[in-house]
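Trainee: Provided herewith is a single structure, encoded as C-alpha coordinates, for subsequent inquiry.
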Amino acid sequence: MTTTSVDRALDREGIARIRADFPILNRVMRGGCQLAYLDSGATSQKPLQVLDAERTFLTTSNGAVHRGAHQLMEESTDAYEQGRADIAAFVGADDDELVFTKNATEAINLVAYTLGDRRFANAVGPGDVIVTTELEHHANLIPWQELAARTGATLKWYAVSADGRIDLDSLQLDERVKVVAFTHHSNVTGAIAPVAELVARAKAVGALTVLDACQSVPHQPVDFHALGVDFAAFSGHKMLGPTGIGALYGRRELLNLLPPFLTGGSMIETVTMEKATYAAAPQRFEAGTPMTSQVVGLAAAAQYLRAIGMDNVQAHENALVAAALDGLATVPGVRIIGPAGTEHRGSPVSFVVEGIHAHDVGQVLDDEGVAVRVGHHCAAPLHRRFGISATARASFAVYNTLDEVDRLVAGVQRAVEFFAR
1 MTTTSVDRAL DREGIARIRA DFPILNRVMR GGCQLAYLDS GATSQKPLQV LDAERTFLTT
61 SNGAVHRGAH QLMEESTDAY EQGRADIAAF VGADDDELVF TKNATEAINL VAYTLGDRRF
121 ANAVGPGDVI VTTELEHHAN LIPWQELAAR TGATLKWYAV SADGRIDLDS LQLDERVKVV
181 AFTHHSNVTG AIAPVAELVA RAKAVGALTV LDACQSVPHQ PVDFHALGVD FAAFSGHKML
241 GPTGIGALYG RRELLNLLPP FLTGGSMIET VTMEKATYAA APQRFEAGTP MTSQVVGLAA
301 AAQYLRAIGM DNVQAHENAL VAAALDGLAT VPGVRIIGPA GTEHRGSPVS FVVEGIHAHD
361 VGQVLDDEGV AVRVGHHCAA PLHRRFGISA TARASFAVYN TLDEVDRLVA GVQRAVEFFA
421 R
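Once you know that position 28 of the sequence shown is 28 in full-length UniProt numbering, the rest is easy, because the numbers rise by one and skip nothing.
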(Lines of atoms letter the chains of each structure in order from A and count residues from 1; the text may use other names and numbers.)
(Lines give C-alpha, C1' and ligand atoms only; values in the text may rest on other atoms or scores of the structure.)
Protein backbone atom coordinates (compact mmCIF):
# COMPACT_ATOMS: atom_id res chain seq x y z
CA MET A 1 0.00 0.00 0.00
CA THR A 2 1.51 3.34 -1.03
CA THR A 3 0.93 6.69 0.60
CA THR A 4 -0.46 9.75 -1.13
CA SER A 5 -0.58 13.52 -0.81
CA VAL A 6 3.08 14.01 -1.64
CA ASP A 7 2.16 17.29 -3.32
CA ARG A 8 1.85 19.22 -0.05
CA ALA A 9 4.45 21.70 1.17
CA LEU A 10 7.68 20.11 2.33
CA ASP A 11 7.38 20.86 6.01
CA ARG A 12 8.29 18.23 8.59
CA GLU A 13 4.97 16.43 8.09
CA GLY A 14 5.34 16.56 4.32
CA ILE A 15 8.79 15.00 4.47
CA ALA A 16 7.50 12.33 6.85
CA ARG A 17 4.81 11.42 4.31
CA ILE A 18 7.43 11.19 1.58
CA ARG A 19 9.73 9.06 3.73
CA ALA A 20 6.88 6.62 4.32
CA ASP A 21 7.08 5.79 0.61
CA PHE A 22 10.70 4.59 1.05
CA PRO A 23 10.68 1.61 3.46
CA ILE A 24 14.45 1.17 3.18
CA LEU A 25 14.89 4.40 5.15
CA ASN A 26 13.58 2.56 8.22
CA ARG A 27 16.36 0.01 8.09
CA VAL A 28 18.54 -0.43 11.18
CA MET A 29 22.15 -0.87 10.10
CA ARG A 30 24.81 -3.20 11.51
CA GLY A 31 25.91 -0.64 14.10
CA GLY A 32 22.39 -0.53 15.54
CA CYS A 33 21.61 2.91 14.11
CA GLN A 34 18.82 3.79 11.70
CA LEU A 35 20.00 4.38 8.16
CA ALA A 36 20.74 7.97 7.15
CA TYR A 37 21.12 7.58 3.40
CA LEU A 38 23.22 10.48 2.10
CA ASP A 39 24.45 8.89 -1.12
CA SER A 40 21.72 9.75 -3.62
CA GLY A 41 24.29 11.26 -5.97
CA ALA A 42 25.50 7.70 -6.53
CA THR A 43 22.05 6.11 -6.68
CA SER A 44 18.72 7.14 -5.20
CA GLN A 45 16.28 5.03 -3.25
CA LYS A 46 12.99 4.08 -4.93
CA PRO A 47 9.49 4.91 -3.66
CA LEU A 48 6.79 2.29 -3.48
CA GLN A 49 4.99 4.06 -6.31
CA VAL A 50 7.84 3.20 -8.69
CA LEU A 51 8.07 -0.40 -7.51
CA ASP A 52 4.30 -0.79 -7.74
CA ALA A 53 4.19 0.65 -11.25
CA GLU A 54 6.75 -1.86 -12.51
CA ARG A 55 5.11 -4.76 -10.70
CA THR A 56 1.64 -3.87 -12.00
CA PHE A 57 2.93 -3.62 -15.55
CA LEU A 58 4.79 -6.93 -15.35
CA THR A 59 1.86 -8.78 -13.80
CA THR A 60 -0.88 -7.39 -16.05
CA SER A 61 0.43 -5.99 -19.35
CA ASN A 62 3.90 -7.34 -20.09
CA GLY A 63 4.44 -7.95 -23.78
CA ALA A 64 6.78 -7.24 -26.68
CA VAL A 65 6.79 -3.55 -27.60
CA HIS A 66 5.99 -2.63 -31.23
CA ARG A 67 5.76 -6.31 -32.20
CA GLY A 68 2.57 -8.14 -33.19
CA ALA A 69 -1.08 -7.28 -32.82
CA HIS A 70 -2.34 -8.96 -29.64
CA GLN A 71 -3.73 -7.12 -26.65
CA LEU A 72 -0.69 -7.43 -24.37
CA MET A 73 1.53 -6.07 -27.14
CA GLU A 74 -0.81 -3.12 -27.57
CA GLU A 75 -0.91 -2.45 -23.84
CA SER A 76 2.86 -2.72 -23.41
CA THR A 77 3.48 -0.48 -26.41
CA ASP A 78 1.02 2.09 -25.09
CA ALA A 79 2.67 1.99 -21.65
CA TYR A 80 6.14 2.35 -23.18
CA GLU A 81 5.26 5.29 -25.39
CA GLN A 82 3.15 6.98 -22.72
CA GLY A 83 6.14 6.62 -20.43
CA ARG A 84 8.30 8.30 -23.04
CA ALA A 85 5.85 11.18 -23.30
CA ASP A 86 5.66 11.61 -19.52
CA ILE A 87 9.43 11.54 -19.03
CA ALA A 88 10.00 13.90 -21.96
CA ALA A 89 7.50 16.38 -20.52
CA PHE A 90 9.29 16.21 -17.16
CA VAL A 91 12.53 17.47 -18.73
CA GLY A 92 11.01 19.95 -21.18
CA ALA A 93 11.33 17.87 -24.34
CA ASP A 94 9.04 16.43 -26.99
CA ASP A 95 8.50 12.69 -26.90
CA ASP A 96 10.24 12.08 -30.25
CA GLU A 97 13.35 13.83 -28.88
CA LEU A 98 13.89 11.29 -26.10
CA VAL A 99 15.93 8.13 -26.72
CA PHE A 100 16.04 5.40 -24.08
CA THR A 101 19.44 3.91 -23.26
CA LYS A 102 20.68 1.57 -20.54
CA ASN A 103 22.18 4.52 -18.61
CA ALA A 104 23.47 8.06 -19.06
CA THR A 105 26.95 6.76 -19.87
CA GLU A 106 25.58 4.95 -22.90
CA ALA A 107 23.65 8.07 -23.90
CA ILE A 108 26.80 10.20 -23.95
CA ASN A 109 28.72 7.48 -25.80
CA LEU A 110 25.92 7.36 -28.37
CA VAL A 111 26.41 11.06 -29.11
CA ALA A 112 30.21 10.88 -29.08
CA TYR A 113 30.26 7.89 -31.40
CA THR A 114 27.76 9.17 -33.95
CA LEU A 115 29.26 12.66 -34.09
CA GLY A 116 32.46 11.02 -35.32
CA ASP A 117 30.70 8.90 -37.95
CA ARG A 118 31.55 10.19 -41.44
CA ARG A 119 27.95 9.62 -42.50
CA PHE A 120 27.05 12.62 -40.36
CA ALA A 121 27.48 15.66 -42.60
CA ASN A 122 29.21 17.73 -39.93
CA ALA A 123 31.24 14.90 -38.40
CA VAL A 124 34.18 15.64 -36.12
CA GLY A 125 37.46 15.17 -37.95
CA PRO A 126 41.15 16.10 -38.08
CA GLY A 127 41.82 19.69 -37.06
CA ASP A 128 38.55 20.00 -35.16
CA VAL A 129 38.37 20.73 -31.43
CA ILE A 130 36.24 19.07 -28.76
CA VAL A 131 35.79 21.03 -25.53
CA THR A 132 34.88 19.75 -22.09
CA THR A 133 35.73 20.82 -18.51
CA GLU A 134 37.89 19.69 -15.60
CA LEU A 135 34.68 19.14 -13.61
CA GLU A 136 33.49 16.17 -15.59
CA HIS A 137 32.54 12.69 -14.48
CA HIS A 138 34.57 10.17 -16.46
CA ALA A 139 31.41 9.37 -18.45
CA ASN A 140 31.52 12.87 -19.93
CA LEU A 141 35.27 12.89 -20.46
CA ILE A 142 36.48 9.52 -21.74
CA PRO A 143 33.99 9.30 -24.65
CA TRP A 144 35.36 12.63 -25.90
CA GLN A 145 38.95 11.46 -25.43
CA GLU A 146 38.07 8.44 -27.55
CA LEU A 147 36.34 10.58 -30.19
CA ALA A 148 39.43 12.78 -30.44
CA ALA A 149 41.72 9.74 -30.74
CA ARG A 150 39.48 8.13 -33.36
CA THR A 151 39.07 11.20 -35.56
CA GLY A 152 42.28 13.18 -35.15
CA ALA A 153 40.51 16.00 -33.35
CA THR A 154 42.01 17.84 -30.38
CA LEU A 155 40.53 17.77 -26.90
CA LYS A 156 40.61 20.99 -24.87
CA TRP A 157 38.93 21.90 -21.61
CA TYR A 158 37.82 24.70 -19.36
CA ALA A 159 39.80 24.77 -16.12
CA VAL A 160 38.20 24.85 -12.69
CA SER A 161 38.34 27.78 -10.28
CA ALA A 162 39.47 27.55 -6.67
CA ASP A 163 35.86 27.19 -5.52
CA GLY A 164 35.17 24.30 -7.90
CA ARG A 165 33.33 26.14 -10.67
CA ILE A 166 34.02 26.37 -14.40
CA ASP A 167 36.59 29.08 -15.10
CA LEU A 168 35.10 30.75 -18.16
CA ASP A 169 38.23 32.85 -18.68
CA SER A 170 40.47 29.80 -19.02
CA LEU A 171 39.53 28.98 -22.62
CA GLN A 172 38.44 30.88 -25.70
CA LEU A 173 36.45 29.10 -28.41
CA ASP A 174 36.97 29.50 -32.14
CA GLU A 175 35.46 28.13 -35.34
CA ARG A 176 37.43 24.86 -35.00
CA VAL A 177 35.31 23.83 -32.02
CA LYS A 178 32.68 21.24 -32.99
CA VAL A 179 31.44 20.08 -29.58
CA VAL A 180 31.20 21.60 -26.10
CA ALA A 181 30.33 19.00 -23.43
CA PHE A 182 29.80 19.94 -19.81
CA THR A 183 28.02 18.90 -16.64
CA HIS A 184 24.99 20.78 -15.36
CA HIS A 185 25.83 20.04 -11.70
CA SER A 186 29.25 18.71 -10.73
CA ASN A 187 28.95 15.39 -8.92
CA VAL A 188 31.88 16.44 -6.72
CA THR A 189 31.84 20.19 -6.10
CA GLY A 190 28.11 20.55 -6.67
CA ALA A 191 28.85 23.59 -8.84
CA ILE A 192 26.04 24.59 -11.19
CA ALA A 193 27.27 25.38 -14.69
CA PRO A 194 26.47 28.72 -16.34
CA VAL A 195 24.51 26.93 -19.04
CA ALA A 196 23.26 30.02 -20.85
CA GLU A 197 26.77 31.45 -21.22
CA LEU A 198 28.30 28.15 -22.33
CA VAL A 199 25.54 27.56 -24.88
CA ALA A 200 25.88 31.11 -26.21
CA ARG A 201 29.64 30.72 -26.63
CA ALA A 202 29.19 27.40 -28.42
CA LYS A 203 26.52 28.74 -30.75
CA ALA A 204 28.68 31.74 -31.60
CA VAL A 205 31.25 29.41 -33.19
CA GLY A 206 28.76 26.87 -34.57
CA ALA A 207 29.50 24.14 -32.02
CA LEU A 208 27.05 21.59 -30.63
CA THR A 209 26.43 21.37 -26.88
CA VAL A 210 26.13 18.17 -24.83
CA LEU A 211 24.86 18.43 -21.25
CA ASP A 212 25.41 15.84 -18.51
CA ALA A 213 22.21 16.38 -16.51
CA CYS A 214 22.47 13.37 -14.18
CA GLN A 215 22.88 15.48 -11.05
CA SER A 216 20.38 18.19 -12.00
CA VAL A 217 17.26 16.45 -13.32
CA PRO A 218 16.42 14.81 -9.94
CA HIS A 219 17.01 17.99 -7.93
CA GLN A 220 15.67 21.07 -9.70
CA PRO A 221 13.28 22.04 -12.50
CA VAL A 222 14.97 21.25 -15.83
CA ASP A 223 13.73 22.27 -19.27
CA PHE A 224 16.06 21.22 -22.07
CA HIS A 225 14.25 23.37 -24.63
CA ALA A 226 14.65 26.44 -22.42
CA LEU A 227 18.31 25.63 -21.73
CA GLY A 228 18.96 25.53 -25.47
CA VAL A 229 21.33 22.57 -25.41
CA ASP A 230 21.57 20.25 -28.41
CA PHE A 231 21.90 17.02 -26.43
CA ALA A 232 21.48 16.04 -22.79
CA ALA A 233 21.83 12.80 -20.87
CA PHE A 234 20.33 11.71 -17.57
CA SER A 235 19.86 8.47 -15.66
CA GLY A 236 16.86 6.77 -14.09
CA HIS A 237 18.43 5.37 -10.94
CA LYS A 238 19.51 8.81 -9.68
CA MET A 239 15.96 10.24 -9.94
CA LEU A 240 14.08 7.70 -7.81
CA GLY A 241 13.66 5.42 -10.82
CA PRO A 242 14.84 1.94 -11.80
CA THR A 243 18.38 0.90 -12.61
CA GLY A 244 19.24 -0.13 -16.15
CA ILE A 245 17.66 2.84 -17.87
CA GLY A 246 18.87 6.25 -18.95
CA ALA A 247 17.81 8.73 -21.56
CA LEU A 248 19.27 10.94 -24.24
CA TYR A 249 17.58 14.17 -25.24
CA GLY A 250 18.45 15.43 -28.69
CA ARG A 251 17.00 18.17 -30.82
CA ARG A 252 14.69 16.49 -33.31
CA GLU A 253 16.43 17.75 -36.42
CA LEU A 254 19.83 16.68 -35.10
CA LEU A 255 18.76 13.19 -34.06
CA ASN A 256 17.37 12.54 -37.51
CA LEU A 257 20.67 13.57 -39.11
CA LEU A 258 22.75 11.17 -37.02
CA PRO A 259 23.51 7.61 -38.16
CA PRO A 260 22.59 4.74 -35.84
CA PHE A 261 24.76 3.76 -32.90
CA LEU A 262 23.68 0.12 -32.49
CA THR A 263 21.89 -1.89 -35.16
CA GLY A 264 19.46 -4.79 -35.23
CA GLY A 265 15.76 -5.24 -34.70
CA SER A 266 13.26 -2.45 -34.06
CA MET A 267 15.37 0.38 -35.50
CA ILE A 268 14.94 -0.37 -39.19
CA GLU A 269 12.71 0.90 -41.95
CA THR A 270 13.54 -1.66 -44.65
CA VAL A 271 16.03 -4.53 -44.85
CA THR A 272 17.33 -6.47 -47.83
CA MET A 273 20.27 -8.84 -48.03
CA GLU A 274 22.38 -5.99 -49.37
CA LYS A 275 21.46 -3.05 -47.12
CA ALA A 276 19.09 -1.52 -44.62
CA THR A 277 17.41 1.82 -44.15
CA TYR A 278 16.67 3.14 -40.70
CA ALA A 279 13.65 4.40 -38.81
CA ALA A 280 13.35 7.98 -37.71
CA ALA A 281 14.46 8.97 -34.23
CA PRO A 282 14.01 7.93 -31.50
CA GLN A 283 13.46 4.36 -32.74
CA ARG A 284 16.64 4.61 -34.84
CA PHE A 285 18.66 4.52 -31.63
CA GLU A 286 16.69 1.83 -29.77
CA ALA A 287 17.88 -1.41 -31.33
CA GLY A 288 16.60 -4.64 -29.82
CA THR A 289 14.10 -5.32 -27.07
CA PRO A 290 13.69 -2.18 -24.96
CA MET A 291 13.61 -1.72 -21.18
CA THR A 292 9.83 -1.68 -21.04
CA SER A 293 9.13 -2.09 -17.33
CA GLN A 294 12.00 0.26 -16.51
CA VAL A 295 10.41 2.94 -18.69
CA VAL A 296 7.16 2.46 -16.81
CA GLY A 297 9.03 2.77 -13.52
CA LEU A 298 10.94 5.85 -14.63
CA ALA A 299 7.71 7.51 -15.75
CA ALA A 300 6.28 6.78 -12.30
CA ALA A 301 9.35 8.42 -10.74
CA ALA A 302 8.84 11.50 -12.89
CA GLN A 303 5.19 11.62 -11.89
CA TYR A 304 6.16 11.25 -8.23
CA LEU A 305 8.61 14.15 -8.39
CA ARG A 306 6.17 16.27 -10.37
CA ALA A 307 3.52 15.72 -7.69
CA ILE A 308 5.91 17.02 -5.04
CA GLY A 309 6.93 19.91 -7.26
CA MET A 310 10.50 20.38 -8.41
CA ASP A 311 10.62 23.89 -6.96
CA ASN A 312 9.77 22.31 -3.59
CA VAL A 313 12.41 19.63 -4.09
CA GLN A 314 15.05 22.24 -4.88
CA ALA A 315 14.14 24.47 -1.93
CA HIS A 316 14.19 21.54 0.50
CA GLU A 317 17.54 20.27 -0.73
CA ASN A 318 19.02 23.78 -0.65
CA ALA A 319 18.12 23.92 3.04
CA LEU A 320 19.83 20.58 3.62
CA VAL A 321 22.95 21.68 1.74
CA ALA A 322 23.09 24.98 3.64
CA ALA A 323 22.82 23.14 6.95
CA ALA A 324 25.54 20.69 5.92
CA LEU A 325 27.89 23.48 4.84
CA ASP A 326 27.30 25.40 8.06
CA GLY A 327 27.62 22.32 10.25
CA LEU A 328 30.75 20.95 8.63
CA ALA A 329 32.38 24.38 8.89
CA THR A 330 32.32 23.98 12.68
CA VAL A 331 34.35 20.77 12.60
CA PRO A 332 38.12 21.34 12.94
CA GLY A 333 40.13 20.36 9.88
CA VAL A 334 37.21 20.07 7.45
CA ARG A 335 37.64 21.65 4.02
CA ILE A 336 34.71 21.89 1.64
CA ILE A 337 35.50 21.18 -2.01
CA GLY A 338 33.20 23.47 -3.97
CA PRO A 339 31.26 26.72 -3.61
CA ALA A 340 30.83 27.98 -0.06
CA GLY A 341 27.13 28.82 -0.42
CA THR A 342 24.03 27.33 -2.03
CA GLU A 343 23.61 29.96 -4.75
CA HIS A 344 25.91 28.22 -7.22
CA ARG A 345 25.69 24.58 -6.09
CA GLY A 346 23.42 21.59 -6.17
CA SER A 347 23.01 18.58 -3.88
CA PRO A 348 26.54 17.09 -3.52
CA VAL A 349 28.70 18.28 -0.63
CA SER A 350 32.24 16.90 -0.86
CA PHE A 351 34.87 17.48 1.79
CA VAL A 352 38.22 16.39 3.16
CA VAL A 353 39.35 16.23 6.77
CA GLU A 354 42.94 17.20 7.49
CA GLY A 355 45.02 14.19 8.45
CA ILE A 356 42.23 11.64 7.93
CA HIS A 357 41.72 9.68 4.73
CA ALA A 358 38.25 9.93 3.20
CA HIS A 359 37.77 6.17 3.51
CA ASP A 360 38.39 6.38 7.26
CA VAL A 361 35.85 9.19 7.56
CA GLY A 362 33.39 7.06 5.62
CA GLN A 363 33.99 4.07 7.89
CA VAL A 364 33.28 6.08 11.03
CA LEU A 365 30.10 7.44 9.46
CA ASP A 366 29.07 3.95 8.39
CA ASP A 367 29.44 2.79 11.99
CA GLU A 368 26.89 5.49 12.83
CA GLY A 369 24.50 4.37 10.09
CA VAL A 370 25.32 7.36 7.87
CA ALA A 371 25.91 6.34 4.25
CA VAL A 372 28.16 8.63 2.18
CA ARG A 373 30.35 8.12 -0.87
CA VAL A 374 34.14 8.10 -0.56
CA GLY A 375 36.75 8.08 -3.30
CA HIS A 376 37.25 10.16 -6.43
CA HIS A 377 33.62 9.74 -7.55
CA CYS A 378 34.64 8.91 -11.14
CA ALA A 379 36.23 12.36 -11.38
CA ALA A 380 39.94 11.67 -10.93
CA PRO A 381 41.21 14.70 -12.91
CA LEU A 382 39.11 17.03 -10.77
CA HIS A 383 40.51 15.59 -7.55
CA ARG A 384 44.00 15.89 -9.01
CA ARG A 385 43.26 19.56 -9.72
CA PHE A 386 42.69 20.08 -5.99
CA GLY A 387 45.74 18.04 -5.01
CA ILE A 388 43.75 15.31 -3.29
CA SER A 389 43.16 11.65 -4.04
CA ALA A 390 39.72 11.25 -2.47
CA THR A 391 36.87 13.07 -0.80
CA ALA A 392 33.91 12.12 1.34
CA ARG A 393 30.64 13.16 -0.30
CA ALA A 394 27.19 13.61 1.16
CA SER A 395 24.51 13.99 -1.49
CA PHE A 396 20.91 14.69 -0.65
CA ALA A 397 17.49 13.88 -2.02
CA VAL A 398 13.95 14.94 -1.28
CA TYR A 399 13.56 12.24 1.40
CA ASN A 400 16.43 13.49 3.58
CA THR A 401 16.00 15.50 6.78
CA LEU A 402 17.83 18.11 8.81
CA ASP A 403 18.20 15.52 11.57
CA GLU A 404 20.22 13.40 9.14
CA VAL A 405 22.43 16.40 8.40
CA ASP A 406 23.04 16.72 12.14
CA ARG A 407 24.03 13.05 12.25
CA LEU A 408 26.48 13.64 9.39
CA VAL A 409 28.14 16.55 11.16
CA ALA A 410 28.27 14.68 14.48
CA GLY A 411 29.79 11.66 12.77
CA VAL A 412 32.53 13.72 11.14
CA GLN A 413 33.25 15.34 14.52
CA ARG A 414 33.58 11.86 16.05
CA ALA A 415 35.99 10.87 13.30
CA VAL A 416 38.17 13.89 14.09
CA GLU A 417 38.14 13.06 17.80
CA PHE A 418 38.86 9.37 17.21
CA PHE A 419 41.86 9.93 14.95
CA ALA A 420 43.23 12.66 17.23
CA ARG A 421 43.86 10.10 20.00
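Where is the CB? At the ideal position from N, CA and C, for every residue including glycine. All values reported here derive from a predicted model rather than from experimental measurement.
Take the Cβ of H316 as the centre, count every other Cβ of all protein chains shown within 10 Å, and call the residue buried at 16 or more, exposed below.
Mentor: buried
Trainee: Any idea which residues DSSP pairs V179 with across the strands?
Mentor: I130 and L208
Trainee: Count the other CB atoms, across all protein chains shown, that sit within 10 Å of the CB of K275; report buried if there are 16 or more and exposed otherwise.
Mentor: exposed
Trainee: Going residue by residue through the region 129 to 168, where are the continuous beta strand (DSSP E) segments of at least 3 residues, counting only ones entirely within it?
Mentor: If we require 3 residues or more, the beta strand (DSSP E) runs fully inside the region 129 to 168 come out as 129 to 133 and 154 to 158.
Trainee: Taking the straight line between their C-alpha atoms, what separation do you get for G341 and F396?
Mentor: Looking at the two C-alpha atoms, the distance is approximately 15 Å.
Trainee: Sort T101, F261 and F182 by Cα distance to R165 and report the nearest one.
Mentor: F182
Trainee: Please tell me whether V180 has its Cβ less than 8 Å away from any Cβ of chain C.
Mentor: Here chain C cannot be found, since the structure has a single protein chain.
Trainee: Expressed to the nearest angstrom, what Euclidean distance is found between the alpha-carbon atoms of P381 and A159?
Mentor: 11 Å
Trainee: Is V331 helix, strand or coil by DSSP?
Mentor: coil
Trainee: Taking only the alpha-carbon atoms, compute the straight-line gap between L171 and A193 and give it to the nearest angstrom.
Mentor: 15 Å
Trainee: Where does I18 sit, in a helix, a strand or coil, going by DSSP?
Mentor: helix
Trainee: Rounded to whole angstroms, what is the Cα-Cα separation between residue 496 and V222?
Mentor: The requested residue 496 is not part of the displayed model; the chain covers only 1 to 421.
Trainee: What separation, rounded to the nearest whole angstrom, lies between the Cα atoms of I337 and Y113?
Mentor: 33 Å
Trainee: How about T391 and V188: do their beta carbons lie closer than 8 Å?
Mentor: yes
Trainee: So, with DSSP's three-state summary, where would you put D39?
Mentor: strand
Trainee: Measuring CA to CA, which of L51, V353 and I18 is closest to P242?
Mentor: L51
Trainee: Thinking just about the alpha-carbon of each residue, which of V412, D163 and T289 is nearest to the one in L135?
Mentor: D163
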